[in-house]
Amino acid sequence: MADGRLVAIGEALIDFIPSPAGCAFDEVESFFPAVGGAPANVCAVFSRLGGRSLFLTQLGDDPFGHKILNTLSETGIDTSYVALTGKANTALAFVSLGKDGSRTFSFYRNPSADMLYTPDQLDEAAFEDIFALHFCSVSLGDFPMKDAHERAIEMARRNGALISFDPNLRFMLWDDREKLRTAVNSFIPKADILKISDDELEFVTGEKDIDQALPGLFSKGIRLVLFTSGSEGMKAYTPICSSVAKAPEVKAVDTTGAGDASIGSFLWKIKSLGYDASNLDDISMEDLQKATEFAVRYCAVSVQGKGAIPSYPRAEDL
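Throughout the sequence shown, residue numbering follows this note's numbering, covering 1373 to 1690 in sequence.
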């Protein structure tokens, strides 16, 4: 599995980035399209850093779907298992950016093509030579894509993959917050690595402090927790060691895809250090620190550019 690839499943969409930034939604004069969607972003980070990645989703057979396919392919992501459909359009997300780079979203996704992706569309061959499977919570609603996630996790496990989960909460996509909480907590025990942010912690775990939340997460089978705190940086925890990395001071232009930059670069780094599903529990404090520092530095570079994928640096750019 030394050269295994990262596989991600979930949504890909077009983020419409506003101009000017730093104003309310109704004051935005224009938007420019950027390919996004958290699982797609994580694949892009992994590929930009020199790893191999493969993406599983369904897009509308429309101009936006083809734009996504072309962009992901140009980024080095294997899109040979991406499906196209005429039954629904590609998802769109309009974004407004505050003065500090913080975001507000308006989604056009009712339903979108990715939501209709079914377990039967999964191909066992996509899970051969796999290092890790990554997913988020946007696609865990009551539609076929949720069932596809369940099947994908089973297939990845059979092939010895790490399972990585970033809840990446998007409350406006759920008509009932309890359904979101239930969905997230039902998938946590299926994962090895959980990436969670400071503004998601209490909603997901019921605890305001990460140190209070860790015992419960580890008891559910999580082997490594990556805890992000925006401009404060990030911490990583296993049951036996931990690491802390402060974020360098930079001027954030756009934080879209910043969390994806964190987990994507972290996964790439631990793989480059020789860790996978078979030995993650043996990760040393030194290597955990290296991976955490690398992810923080990578994220700091990405937030200085606009959009998600266009802002992700290559290894040599760091």
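All residues carry an ideal CB built from backbone N, CA and C; glycine is no exception.
Every value quoted in this text rests on a predicted model; they were computed, and no experiment measured them.
- With contacts defined as CB atoms closer than 9 Å, residue 1582 and residue 1607 qualify as a contacting pair.
- Each of 1436, 1625, 1450 and 1631 was checked against the Cα of residue 1458, and the nearest Cα belongs to 1436.
- For residue 1675 against residue 1625, the beta-carbon gap comes to about 7 Å, under 8 Å, which counts as contact.
- Cβ-Cβ distances below 8 Å link residue 1408 to 1384, 1385, 1386, 1387, 1465, 1628, 1629, 1679, 1680 and 1681 in the same chain, with the five nearest sequence neighbours on each side left out; the list follows chain order.
- Straight-line spacing of the CA atoms in residue 1595 and residue 1401 works out to 46 Å.
- For residue 1556, the three-state secondary structure derived from DSSP is helix.
- Out of 1460, 1475, 1474 and 1454, the CA that lies nearest to the CA of residue 1493 is found in 1454.
- Comparing alpha-carbon positions, the option among 1647, 1662, 1690 and 1635 lying closest to residue 1413 turns out to be 1635.
- Per DSSP, the unbroken beta strand (DSSP E) holding residue 1390 starts and ends at 1385-1391.
- For residue 1517, the uninterrupted alpha helix (DSSP H) segment begins and ends at 1516-1530.
- Residue 1651 is classed as exposed because its beta carbon has fewer than 16 other beta carbons within 10 Å across all chains shown.
- Counting only runs that start and end inside the segment 1460-1503, the beta strand (DSSP E) elements of at least 3 residues fall at 1463-1469 and 1475-1480.
- Less than 9 Å divides the Cβ of residue 1541 from the Cβ of residue 1556.
- For residue 1463 and residue 1481, the gap between their C-alpha atoms comes out near 5 Å.
- A straight line joining the alpha-carbon of residue 1593 with that of residue 1685 spans about 33 Å.
- For residue 1631, no beta strand (DSSP E) run applies; the uninterrupted alpha helix (DSSP H) run containing it begins and ends at 1630-1644, by DSSP.
- For residue 1590, the enclosing alpha helix (DSSP H) stretches over residues 1582-1591.
- For residue 1450, the secondary structure class from DSSP, reduced to helix, strand or coil, is strand.
- Contact check between the segment 1434-1451 and the segment 1505-1523: fewer than three CB pairs, one atom from each, fall below 8 Å, which does not count as touching.
- With a minimum length of 4 residues, the unbroken runs of alpha helix (DSSP H) contained wholly in the segment 1395-1447 fall at 1410-1420 and 1435-1446.
- Under the three-state reduction of DSSP output, residue 1675 falls in the coil class, being neither helix nor strand.
- Here the alpha carbon of residue 1529 sits roughly 45 Å from the alpha carbon of residue 1395.
- In its chain, beyond the 5 residues on either side, 1381 and 1453 have a beta carbon closer than 6 Å to the beta carbon of residue 1428.
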